[in-house]
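Asker: The C-terminal position of the sequence shown is numbered 1510 in our numbering, with every residue numbered one higher than the one before it. C-beta atoms are modelled at their ideal positions from N, C-alpha and C, and glycine is treated no differently. Values in this document were obtained by computation on a predicted structure and should not be read as measured data. First the structure, then my questions, so here it is.
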Amino acid sequence: MGYLLGLDIGTSGVKALLVSSEGKIISSKTVSYPLATLHSGWAEQSPYDWWEATVKVIRETVSNNPIDSDQIKGISLSGQMHSSVFLNEKMEVIRPAILWSDTRTSEQCKEIYTKVGGLNQLIHYVSNPALEGFTAPKILWLKENEPEN
């Protein structure tokens, strides 16, 4: 018999679902991790917490069931949308991730609109608006507020 393992690396924790090839739910587990809100509108997490919780939830899901890990025929992943993890040249995490729900970049969004000539012009160029949770405003915020990073 084969199994499928689904993982959702979400904002509040990692959820795992082990399903048989017939679609029967074998196990469902969640491992939570903290959300840091150091200032109003900020939302950050440690990518290392994501990794540790993912390893733990997989071990708990598989080890608590009478299956061999080689019977897992597929793994599906989903994760937080526009959360940004910033790395150095050695591919090491340099600061906590700024999450999709973080709203600190309002001024950077305005700056982007001003530089490109407004919302319609930005959408023409990149097919998206500049929203607070998106990556480009976060990069500008980091450049302006944490130049060492």
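Could you say which of Y1364, E1507 and E1509 lies nearest to Q1432 if we only look at CA atoms?
Answerer: For the purposes of this step, residue 1432 is identified with residue 71 of the sequence shown, where counting begins at 1. Cα-wise, what sits closest to Q1432 is Y1364.
Asker: Return the CA-CA distance between L1503 and N1510, expressed in angstroms with no decimal places.
Answerer: Walking along the sequence shown from the start, residue 1503 turns up at place 142. Walking along the sequence shown from the start, residue 1510 turns up at place 149. For L1503 and N1510, the distance between alpha carbons rounds to 7 Å.
Asker: Check S1407 in the structure and name its three-state DSSP category.
Answerer: Walking along the sequence shown from the start, residue 1407 turns up at place 46. Residue state, collapsed to three classes: coil.
Asker: Among L1379, S1407 and G1384, which one has its Cα closest to the Cα of S1373?
Answerer: Counting from 1 along the sequence shown, the entry for residue 1373 is found at position 12. Nearest C-alpha to S1373: S1407.
Asker: Compare the C-alpha of L1379 against each of V1454, I1428 and E1405 and name the closest.
Answerer: By one-based count along the sequence shown, residue 1379 stands at place 18. Ranking V1454, I1428 and E1405 by Cα distance to L1379 puts I1428 first.
Asker: What is the C-beta distance between W1461 and S1437, in whole angstroms, given that I count them as a contact (C-beta under 8 Å)?
Answerer: Numbered from its first residue, the sequence shown carries residue 1461 at position 100. Numbered from its first residue, the sequence shown carries residue 1437 at position 76. 20 Å between Cβ atoms; not a contact.
Asker: Run the proximity test for T1391: is its beta-carbon closer than 6 Å to any non-hydrogen atom belonging to the ligand PLP?
Answerer: The model on display carries no ligand, and the ligand PLP is accordingly not part of it.
Asker: Buried or exposed: which applies to L1448, given that a residue is buried once 16 or more other Cβ atoms fall within 10 Å of its Cβ?
Answerer: In the sequence shown, residue 1448 corresponds to position 87, counting from 1. The residue is exposed, with fewer than 16 neighbouring Cβ atoms inside 10 Å.
Asker: With E1493 and C1470 assumed to form a contact (beta carbons below 8 Å), what rounded beta-carbon distance in angstroms separates them?
Answerer: Reading the sequence shown from its first residue, position 132 is the one you call residue 1493. Reading the sequence shown from its first residue, position 109 is the one you call residue 1470. Contact holds; Cβ gap of about 6 Å.
Asker: Pull up the CB-CB distance for I1473 and W1411, whole angstroms please, since I reckon it's below 8 Å.
Answerer: For the purposes of this step, residue 1473 is identified with residue 112 of the sequence shown, where counting begins at 1. For the purposes of this step, residue 1411 is identified with residue 50 of the sequence shown, where counting begins at 1. So it is not a contact: roughly 28 Å between Cβ atoms.
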